[in-house]
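Going by the working numbering, the first residue of the sequence shown is number -3, and it counts up by one from there.
Here a beta-carbon is modelled for each residue, glycine too, at the ideal position from N, C-alpha and C.
Report on one structure; see the data block that follows.
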Amino acid sequence: AGGKYEVTFGTLFNDDKCANIFEALVGTLRAAKKKKIIKYDGELLLQGVHDKVVISLC
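Have a look at this one:
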(Lines of atoms letter the chains of each structure in order from A and count residues from 1; the text may use other names and numbers.)
(Lines give C-alpha, C1' and ligand atoms only; values in the text may rest on other atoms or scores of the structure.)
Protein backbone atom coordinates (compact mmCIF):
# COMPACT_ATOMS: atom_id res chain seq x y z
CA ALA A 1 0.00 0.00 0.00
CA GLY A 2 3.03 2.28 -0.21
CA GLY A 3 2.83 3.61 3.36
CA LYS A 4 -0.88 4.41 3.06
CA TYR A 5 -3.74 2.96 5.04
CA GLU A 6 -6.02 1.21 2.56
CA VAL A 7 -8.75 -1.44 2.59
CA THR A 8 -11.18 -2.72 0.00
CA PHE A 9 -14.89 -2.10 0.53
CA GLY A 10 -15.56 -5.85 0.49
CA THR A 11 -13.06 -6.52 3.27
CA LEU A 12 -14.50 -3.71 5.39
CA PHE A 13 -18.13 -4.66 4.69
CA ASN A 14 -17.59 -8.33 5.53
CA ASP A 15 -15.70 -7.70 8.79
CA ASP A 16 -17.96 -8.65 11.73
CA LYS A 17 -16.25 -6.29 14.18
CA CYS A 18 -16.60 -3.37 11.78
CA ALA A 19 -20.24 -4.24 11.08
CA ASN A 20 -21.00 -4.13 14.81
CA ILE A 21 -19.34 -0.73 15.24
CA PHE A 22 -20.76 0.94 12.12
CA GLU A 23 -24.39 -0.09 11.61
CA ALA A 24 -24.73 2.30 8.66
CA LEU A 25 -21.33 1.63 7.07
CA VAL A 26 -22.13 3.13 3.65
CA GLY A 27 -23.47 6.34 5.21
CA THR A 28 -20.46 6.57 7.50
CA LEU A 29 -18.11 6.19 4.53
CA ARG A 30 -19.98 8.83 2.50
CA ALA A 31 -19.81 11.30 5.41
CA ALA A 32 -16.07 10.64 5.89
CA LYS A 33 -15.47 11.13 2.15
CA LYS A 34 -17.40 14.41 2.17
CA LYS A 35 -15.17 15.64 5.03
CA LYS A 36 -12.09 14.48 3.06
CA ILE A 37 -11.05 11.96 5.72
CA ILE A 38 -11.08 9.09 3.23
CA LYS A 39 -11.15 8.75 -0.54
CA TYR A 40 -12.50 6.19 -2.98
CA ASP A 41 -13.81 6.15 -6.54
CA GLY A 42 -17.53 6.64 -7.00
CA GLU A 43 -20.28 7.96 -4.77
CA LEU A 44 -22.35 5.04 -3.50
CA LEU A 45 -20.70 1.75 -2.56
CA LEU A 46 -22.79 -1.41 -2.85
CA GLN A 47 -21.96 -4.86 -1.48
CA GLY A 48 -20.88 -7.24 -4.21
CA VAL A 49 -20.72 -4.62 -6.98
CA HIS A 50 -18.02 -2.49 -5.33
CA ASP A 51 -16.18 -5.09 -3.20
CA LYS A 52 -12.85 -4.36 -4.96
CA VAL A 53 -13.03 -0.56 -4.58
CA VAL A 54 -10.06 0.65 -2.52
CA ILE A 55 -10.79 3.04 0.36
CA SER A 56 -7.81 5.02 1.66
CA LEU A 57 -7.15 7.64 4.32
CA CYS A 58 -6.40 11.12 2.99
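Can you pull the DSSP bridge partners for ILE34? ILE34 pairs with LEU53.
Counted within 10 angstroms of its Cβ, other Cβ atoms place LEU25 as buried (16 or more) or exposed: With 16 or more Cβ atoms within 10 Å of its Cβ, LEU25 is classed as buried.
Separation of TYR1 from LEU42, as counted between CA atoms: LEU42 and TYR1: Cα-Cα distance of roughly 21 Å.
How far does the alpha helix (DSSP H) with ASP56 in it reach, from first residue to last? Any property of residue 56 remains undetermined from this structure, which presents the chain solely from -3 to 54.
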